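As given, the protein sequences belong to chains Z and E, one line each in that order.
For the first sequence, the numbering used here gives the first residue as 14, with consecutive numbering after it.
For the second sequence, the numbering used here gives the first residue as 11, with consecutive numbering after it.
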Amino acid sequence: MRKTIDNRTKGWILPHLREHPWRFLAASLAGLLAVACAGALLFTSGYLISRSALRPENVLMVYVPIVLVRAFGFSKAVVQYLERLVSHDTVLRILSRMRVRLYRIIEPQALQLHTRHRTGDLLGLLAEDIEQLQNVFLRLILPATTAVLIYGAGIIALGLMDVRFALWMALYCGFWFFTVPVFALFVSRRMRISSKAQRSLAYRELTDGIFGMSDWLLSGRMASFLGDFSKRQAKMAEADRRLRRSEWRIQWLTQCLIGGAIVLLTLWAAGQSASGAFPPEWIAACALIGFALLDALAKAGETVMRATDYRDSVRRLQAVEQAGHQHPEPEHPEPAPVSGDGAAQPAAASGLRLINVSYRHPGSEAWTLEDINLEVPAGSRVALLGRSGAGKTTLLHLIQGELTPDRGLIETGGTPVSRMRSDQMRPFAVLNQQPYLFDTTLSGNIRLGRPDATDEEVREAAEMAGLGGLLATLPDGLDTRVREAGERFSGGERQRIALARVLLQDRPIVLLDEPTVGLDPLTERALLSTMFAALRGRTLLWITHHLIGMEHMDQIVFLDRGRIVMQGTHQQLMREQERYRRLYALDRI
Amino acid sequence: MDKTLLSLRGIRPAMLVIGMLSLLQALAIIGQALSLAEAVTLLFQGGTAAEVLRPLITFVAAWVARHTAVWSQRLCAGRFAERTGETLRSKLAERLFERGPAHAARTGSGRLVTLTLDGVDRFRSYLELTVIRTTDMALVTALLLIAVYALDVASGLILTFTMPVLIGFFVLLGYAARRMADRQYRSFQVLAQHFTDVLRGLATLKFLGRSRDYAGVVEQVSDRYRTATMRTLRVAFLSSFALDFFSTLSVAFVAVGLGLRLISGGIGLEAALAVLLLAPEYFLPVRLFGSDYHASLDGKEAWTAIREVIGETRAPDAFVGTSQADGRSDAGRQVEDVPDRQPDHAARSATSAPWLELSDIHVSGEGGMSRLSGITASLGHDHRKIGIVGMSGAGKTTLLNVLGGFLEPESGQVRIAGLPLAGDAKRKWQQELSLIPQRPYLFAASIADNVRFYEPEASDEQVLQALADVGLAELVARLPHGIHERIGDGGRALSGGQAHRIALARALVGRRSVWLLDEPTAHLDVETELELKETMLKLFEGRRVFLATHRLHWMKEMDWIWVLKDGRLAEAGTHEQLLARQGVYRSMMEAAMEEVELGEEDHR
């Protein structure tokens, strides 16, 4: 199922199996044992009653089969229970490794992923893909392995008695229970593709319908949408129906062939008994054991039919892994020759300097940013404005060291940021547009800024971020779980929680990436005054979308198409730039 | 079986047919057991292959008949479930449209899409499994038991007494597992969601410089999740273990009992073999029910969610589409309406009634909070541009939804030119409207089709003209396919400002005379905002506009202003009147004019 694998990415299935060979083997063997117990129960039962029918003198003559029947009846369920526990435990272990692996793949490209897929839905999807993969093990690989083991064991057992018949049965079962399902799967791939295509069309149409509902209603085209959708979903259902019907046909055929195999087995046993190879009691035993073993084999065929269901998940994971190779982490040529170990850099004032910085996205002709020169002295405040696509976000990523400039240099405190190896050493804190609140307590969220902070420090940061009033209304205060509070936190409150994190983190340079977008003016003003008061003395680079608070900036920079087009203090720009005056008027009524 | 399923149309005939097939299946199983027992007995007694030919052929025939019955059951249940699924899907889509965009947004539009497509599929599987398993469990089990009694009373008694024990343990252990899971639900949920949570917050972790060491946390939590899951599974698997255990043990006891009675001569070999073949089949339906029960739980959940959307207040028959016909006649009426549509139908009805009247509008939100309360207002014919201002959560968007007829207020009335907003009047009103939300939705189609959404017949020239009017001519000229460039899901991405312009062009081509705008510029950068405002003001000429925003600079251009506060209409008037009043509007203006307090004497 994994045909096209870049040699740099390893598979998502087999390597993980190899990490737990013994557990996997144990699970498969337990599966085999469970079926063997079921078979043995029927076999010994058949033997027992045939033997009894010969009216032995003494009950003791059938004492052994009686004990065995009871033992197998008892152990089948127990073994099956153990098998399920072992297999689930193994798979959960594998899943845990997969999560770490996926995390390591995504972590370096986190910011780029966010810009490429704005919603972050992709990430949720990938997490689900991993959950999906557990079914590859539980519903596909394990049952298939068990079936192969049963098949092998059964054929060998027959072969010990009669090689020719064993070969016949090997061919019969192998053909009907393995080859035919694989062939059917191959034949139905067209149907599968069309069913999937119909489904994604239906998805797209319905998404357009529900997200664009007001337009459908207003345009009076609602009836036509509903008509189209009901046709589309009928087509989707039709494709599904054909697929299901073909699966049911195969299952019917398989079941019928089990009947044939039982007849063959019975006749063979009768022949063996007539020729004296084994006692007549075995006839019933052989007929009965067929029921248990063949049923288990038929299940293998059903699992094969499901083999392609997980393809999309594997492909998506591989795509992300490959994207990771294509967007490698910025190379850090050599260990930074910084004095000391860098982590110990004091949070004292440090500025930021950009010299002739140019950057273009890989594979693109045009410069995303060209010849940017910017001097941000320690402790000063710079506002950065520009339309969407002007290059603000790219500039931010360059400063953070997520991207490396093609030309020019970005340095802070005399060290180029690209030389600072770990995130820990970089002197930046970031407050972005939609800070994420994790599903833990308020204090847990704030403490992310500095894990070793004391409760007192966390409380202090929260107070400074202006959360005091909010905390007073929460019965559990800082121990309130964020999700249980649900959407009770407004946009402004979320930003304040994020601000508390940044305060706790205590870095000399703070990058503000439109933290107030979408807030109403009063909330925005209140947040800005808290923010500026709390971050007093630090170097600020503030990306913003409008001009509130510009009077307090030491420098205002306008970016357009990758270049700086306006630059100066508020007073300068008001005096010299007509365009700035008009923009400013929007915010001043 | 879930009683609510019985209200589905066509379930009774389907169950009847499936029931008959269950009976047929049971008879075939009995036939299969008897004939195989006969053949084996003959062979055991030294019979030749020719002698056993008849019973073996009977066996094969019964075997095939049995599986054909199973297959037919699937086909029958499948057809019924598929049909039900299709009607449900259409019904869901219709109900969603009836309930309107406000409801969809509140319930979660993405969730509704998934429910309508995947949720219905899951329900379909649940439905077909339930129908088959319940009839099988009732009929096959009973018939096989009768057959066993007829062959051997003692075995019949063992099987009879095992069944309640087995079901009892299944239910009891299932219940225990459920209770255990419920007890740890919260912490379990946190563990289960942890990985998704971390991935979604990855950018934030990165900013905090914590993302690298989090790989360790992911592993730790993952392992804790595994331990917790295994703890639950140990109990959860017990319930299917009970099914397995008691059924195999019971078969073993039957076999031993038969053996002992064979020795004492209480029963013949043929009958004993037949009973031994029937015993596992007797337990099969209940075991299948048990294993499918857990697998189909999510289908059951989907069913609950579907019924919630469709609304239980309706008669069960309403599930099945009577509405196809309605839809068609609806379309018919709209076609008739088109010729007499004029740019401003409100202006025509120059009656003495105010142009638009709101009387005591009340809309309640979740948790008993009201989103709008007691809104009473009226607009004259010369109030052409109406500004709606207020802070976040003041009820601006809700009011726009009420005005557009997308949200029925719990009490109070909207009147347009004296007519209440319902039926034909509402349809007519909506044909004059264009709603431009904060983030306009772009359909997965070409730019042209997006723009002529209201007027699919519009020519490319009209589209180009509209695009030029909203200032997109330059962008379109740069695109490789011009107006036929695909946008929306899977197409070229547009910025927020560009999406707004597309929505404006859509309204222009649709010749809509009343525009409802929700925060048209709040999230745009100031340069784009200024340009877009200039474009929009030109387009507003000759139209009625309701513009909801917290960007107060728009208000100077408005003829009339409604000031909302906490869901109430605090003030209404012109910009000048409101400024003179020293009220909410005035204080909002003053707050906006104030400089941001930085308290920073020591900064410079």
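Even glycine gets a Cβ: it sits at the ideal position worked out from N, Cα and C.
Every value quoted in this text rests on a predicted model; they were computed, and no experiment measured them.
For Gln584 (chain Z), verify whether its CB is less than 7 Å away from any heavy atom of the ligand NAP.
-> Among the ligands in the structure shown, none appear at all, so the ligand NAP cannot be discussed.
Counting only the same chain and skipping the five closest in sequence on each side, list residues whose C-beta sits under 7 Å from that of Leu487 (chain Z).
-> Answer for Leu487 (chain Z): Thr493, listed in chain order.
For chain Z, find out if any of its Cβ atoms is closer than 8 Å to the Cβ of Arg244 (chain E); answer yes or no.
-> yes
Which one or two residues does DSSP pair with Val443 (chain Z) in a beta bridge?
-> Z:Leu524
When the cut-off is 8 Å and only beta carbons count, does Thr486 (chain Z) lie next to chain E?
-> no
Answer with yes or no whether the minimum CB distance from Leu408 (chain Z) to chain E is below 8 Å.
-> no
Can you tell which of Z:Ser63, Z:Glu591, Z:Leu554 and Z:Asp308 has the C-alpha that lies nearest to the C-alpha of Lys405 (chain Z)?
-> Ranking Z:Ser63, Z:Glu591, Z:Leu554 and Z:Asp308 by Cα distance to Lys405 (chain Z) puts Z:Leu554 first.
Starting from Trp265 (chain Z), find everything on chain E with Cβ-Cβ shorter than 8 Å and list it in chain order.
-> His77, Thr78, Val80 and Trp81
Within the same chain, show all residues whose beta-carbon is closer than 6 Å to that of Tyr597 (chain Z), passing over the 5 residues directly before and after it, in chain order.
-> Around Tyr597 (chain Z): Leu560.
Mapping DSSP to helix, strand and coil, what is Ser374 (chain E)?
-> In the structure shown, Ser374 (chain E) sits in a strand (DSSP, three-state: E or B).
Answer with yes or no whether the minimum CB distance from His33 (chain Z) to chain E is below 8 Å.
-> no
Which of the three DSSP states, helix, strand or coil, is assigned to Leu155 (chain E)?
-> helix
Enumerate, from N- to C-terminal direction, the unbroken alpha helix (DSSP H) stretches of 4 or more residues contained entirely within the stretch 110-191 of chain E.
-> Within the stretch 110-191 of chain E, the complete alpha helix (DSSP H) segments of 4 residues or longer fall at 119-124 and 130-161, listed in chain order.
Around the C-beta of Val163 (chain E), are 16 or more other C-beta atoms found within 10 angstroms, so that it is buried, or is it exposed?
-> It counts as exposed.
Look at the alpha carbon of Ala315 (chain E) and the alpha carbon of Trp525 (chain E), and state the distance between them as a whole number of angstroms.
-> 35 Å
C-alpha distance - Ile275 (chain Z) paired with Ser45 (chain E), whole-angstrom precision = 13 Å
Nearest chain E C-beta to Thr279 (chain Z) closer than 8 Å, yes or no?
-> yes
Confirm, please, whether the CB-CB distance from Met190 (chain E) to Val130 (chain E) is below 8 Å.
-> no
What residues in its chain sit with their C-beta under 8 Å from that of Val287 (chain E), if we drop five residues either side in the sequence?
-> In the sequence on display, residue 287 (chain E) carries Leu and not Val. Same-chain partners within the cutoff: Gln42, Ala43, Leu46 and Ala47.
Residues that Val570 (chain Z) bridges to, as DSSP identifies them = Z:Leu397 and Z:Gln580
Ordered along the chain, which non-local residues of its own chain (more than five positions away) have a Cβ less than 7 Å from that of Phe291 (chain Z)?
-> These residues qualify, in order along the chain: Gln285.
Buried or exposed: where does Ile206 (chain Z) fall if 16 or more other Cβ atoms within 10 Å of its Cβ makes it buried?
-> exposed
Determine the chain A residues that contact Arg439 (chain Z) at a beta-carbon separation under 9 Å, and present them in chain order.
-> Here the protein chains are Z and E, and chain A is not one of them.
Taking just the CA atoms, how far does Phe247 (chain E) sit from Tyr303 (chain E)?
-> Distance between the alpha carbons of Tyr303 (chain E) and Phe247 (chain E) is about 13 Å.
From Gln358 (chain Z) to Glu537 (chain E), what distance separates their C-alpha atoms?
-> At Gln358 (chain Z) the pLDDT is 44, less than 50, meaning the model places this residue with poor confidence; the figure from the coordinates comes in the next sentence. Using only the alpha carbons, I get a separation of about 39 Å.
Terminal residues of the alpha helix (DSSP H) in which Ser288 (chain Z) lies | From DSSP, Ser288 (chain Z) is part of no alpha helix (DSSP H); its letter is neither H nor E.
Quick one: any contact between the stretch 260-276 of chain Z and the stretch 81-93 of chain E, if contact means 3 or more CB pairs under 8 Å?
-> Result yes; three or more Cβ-Cβ pairs closer than 8 Å.
Helix, strand or coil for Ile654 (chain Z) per DSSP?
-> Limits of chain Z in this structure are 14 at one end and 602 at the other, which puts residue 654 (chain Z) out of reach.
Leaving out the 5 sequence neighbours to the left and right, which residues in its chain are closer than 7 Å to Ala87 (chain E) when beta-carbon positions are compared?
-> Ala24, Ile28, Glu138, Val141 and Ile142
Backbone secondary structure at Asn460 (chain E) - three-state DSSP | helix
Using the C-alpha atoms, what's the distance from Leu231 (chain Z) back to Ala441 (chain E)?
-> Before going on, a small fix: residue 441 (chain E) reads as Gln here, not Ala. Answer to the nearest angstrom: the Cα atoms are 6 Å apart.
Would you report the Cα separation of His613 (chain E) and Ser393 (chain Z), rounded to the nearest angstrom?
-> Because the pLDDT at His613 (chain E) is just 41, under 50, the model does not fix this residue reliably, and the value given afterwards should be weighed accordingly. So the two alpha carbons sit approximately 9 Å from each other.
Quick one: which unbroken alpha helix (DSSP H) runs of 4-plus residues sit fully inside the stretch 275-310 of chain E? Chain order, please.
-> The stretch 275-310 of chain E contains these whole alpha helix (DSSP H) runs: 279-305.
Which ranges does the alpha helix (DSSP H) cover as unbroken runs of at least 4 residues, wholly within the stretch 96-161 of chain Z, from first to last along the chain?
-> 123-129 and 134-148
Does the Cβ of Met563 (chain Z) have 16 or more other Cβ atoms within 10 Å, making it buried, or fewer, making it exposed?
-> buried
Chain E within 8 Å of Trp261 (chain Z), Cβ atoms only = For Trp261 (chain Z), the answer is yes, since a Cβ of chain E falls inside 8 Å of its Cβ.
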